[in-house]
Every structure is written in structure tokens, then in C-alpha cells.
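*Asks:*
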Ligand code: ATP
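Numbering (the numbering used here), first residue to last: 9 to 211.
#1: Given this structure, state the Cα-to-Cα distance separating residue 207 from residue 13, to the nearest angstrom.
#2: Less than 8 Å between the beta carbons of residue 75 and residue 66, yes or no?
#3: On a Cα-Cα basis, can you pick out the residue from 17, 35, 96 that is closest to residue 56?
#4: Count the other CB atoms, across all protein chains shown, that sit within 10 Å of the CB of residue 287; report buried if there are 16 or more and exposed otherwise.
#5: Tell me where the beta strand (DSSP E) around residue 16 begins and ends.
#6: What runs of the alpha helix (DSSP H), each 4 residues or longer, lie entirely inside the segment 72 to 108?
#7: Should residue 137 be listed as close to the ligand ATP, given that the test is whether its C-beta is under 7 Å from any heavy atom?
#8: Taking the alpha helix (DSSP H) that residue 172 belongs to, which residues open and close that run?
Listed below in C-alpha cells is the structure:
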């Protein structure tokens with residue numbers, strides 16, 4: 009199945025863009041949402057997190073102790089790497105299962121991941137889209153959506169590759185700057201992918 013990875017910085021609007029693809033009938037795997045789900049449901053992953061970061065990583069009711077994990081991995085690259093080394097392979101496993109379930113009678117599928125390039129998961133996709141927006145717009149969107157401060161948004165942004173770095177790696181681009189229509193851009197890409205995917209799926 010032809011796979012399109014889609015990414016963008018925090019607040020770029022990648023989820024919003026994915027919703028437009030969904031309207032066109034394209035299934036989307038939301039890797040970041042899935043990662044949160046499997047951190048409480050994937051038994052192997054839960055055990056791995058407990059043995060690496062301590063039993064207090066989970067509350068008695070099984071919910072993830074986000075504060076505990078964040079206090080360890082925030083600003084500690086090697087601890088964050090340990091967490092990613094546990095979570096990313098589990099997300100890849102979940103993606104494989106999901107793909108088998110949805111990949112019938114659809115022309116192509118999308119994988120949305122904030123860290124598509126940072127986690128190397130773009131290597132498992134046939135192509136990639138980068139959603140871009142000016143920094144000021146991204147910051148404002150996240151402040152409005154998450155009710156956080158500008159400093160908190162900038163701190164999160166600093167953990168991601170810059171758009172300049174991502175631009176070098178992406179094949180297609182969607183400008184979500186509230187001047188260009190995302191519906192028109194998505195539709196143009198969709199028509200293109202229908203042709204490319206049909207050729208690729210027939211090989
Ligand atoms: P994150 O990585 O933080 O999850 P994201 O890239 O998935 O962010 P979205 O959640 O899609 O971004 O968008 C961030 C916020 O900006 C949302 O509240 C969304 O409704 C809003 N937004 C996105 N695109 C637009 C747009 N073109 N016009 C107006 N609001 C927008």
C-alpha cells in the first residue's frame with residue numbers, strides 16, 4: 009500500500025490538513041495519538057516504561073503519570089532517547105496492524121507524525137508532506153488551543169527540527185498560513201497521489 013507521511017511543526021495544522029484528506033476517503037494513522045494510547049494499552053511497552061523509569065510511571069488505576077515521565081525526559085536528551093526507543097517501535101507495530109485493517113479498497117494511506125523525520129519513520133513511507141505556517145501563527149494557534157504561554161510553546165518548538173531542516177527532507181508542501189486554501193492544496197495533492205499510488209500499487 010502506498011504510504012504518505014505527513015508532518016509539520018507544532019501548530020502548523022497537520023491534523024487539520026489530515027481531516028481534509030479523511031473527507032476525501034483517505035485513512036489517516038495519527039502516530040502521536042496512537043503513542044499516547046499504547047503507552048497505557050500495550051503490555052510490553054508498559055512493562056518497558058516501568059522498568060526504565062520506575063513503577064511510579066503509572067498510577068494504581070493504570071493511567072500514565074505524565075508529570076513523572078516529563079520530569080525525567082524534559083531537558084534530558086539521553087532519557088528522552090530511552091523513552092523514544094521504547095515508544096517508536098511500539099508505534100510502528102501498531103501502524104502495521106492498523107494498515108492491515110484499513111488498507112483494502114483505498115488508493116493510499118496517510119501517517120501523521122510530529123516527529124516523522126526525527127524518528128526516521130519517514131523511511132517507512134513512500135513519500136512525505138510537510139505542512140508549514142509562519143512561526144507567529146503557529147505560536148498563536150497553540151496558545152489559543154492549549155491555553156499555554158508563549159514561552160511554553162517556544163520550549164516545545166525547540167525540541168523539534170526547524171522548518172528549514174524539514175524542508176530539505178520533505179517531498180511535498182502545504183502552506184497553512186491562512187492565506188492559501190488548504191482544501192485546494194489537499195485536493196491537488198490527492199489527485200496526484202491517486203495516479204502515483206495506482207502506478208506504485210500495480211508494480
Ligand atoms: P500539534 O503538533 O500541536 O498537534 P498540529 O500541527 O496538528 O498541532 P492542528 O491541531 O491541526 O495543528 O492546528 C492547531 C490549531 O490551529 C487548532 O486549534 C486548529 O483548529 C487551528 N488551525 C489550524 N489550521 C488553521 C487554519 N487554516 N485556520 C484557522 N485555524 C487553524
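Where is the CB? At the ideal position from N, CA and C, for every residue including glycine.
*Replies:* So, to answer that:
#1: Numbered from its first residue, the chain shown carries residue 207 at position 199. Numbered from its first residue, the chain shown carries residue 13 at position 5. In a straight line, the C-alpha of residue 207 is about 18 Å away from that of residue 13.
#2: Indexing the chain shown from 1 puts residue 75 at position 67. Indexing the chain shown from 1 puts residue 66 at position 58. For residue 75 and residue 66, no; Cβs fall outside 8 Å.
#3: On the chain shown, position 48 is the one that residue 56 refers to. Ranked by how close their Cα comes to the Cα of residue 56, the residues 17, 35, 96 have 96 in first place.
#4: Residue 287 lies beyond the stretch modelled for the chain, which goes from 9 to 211, so this question has no answer here.
#5: Counted from its first residue, the chain shown places residue 16 at position 8. Note, residue 16: beta strand (DSSP E), 11 to 16.
#6: DSSP runs (the alpha helix (DSSP H)) wholly in the segment 72 to 108: 74 to 81.
#7: Residue mapping note: residue 137 aligns to position 129 of the chain shown, counting from 1. The answer is no for residue 137.
#8: For the purposes of this step, residue 172 is taken as the residue at position 164 of the chain shown. First-last of the alpha helix (DSSP H) with residue 172: 171 to 177.
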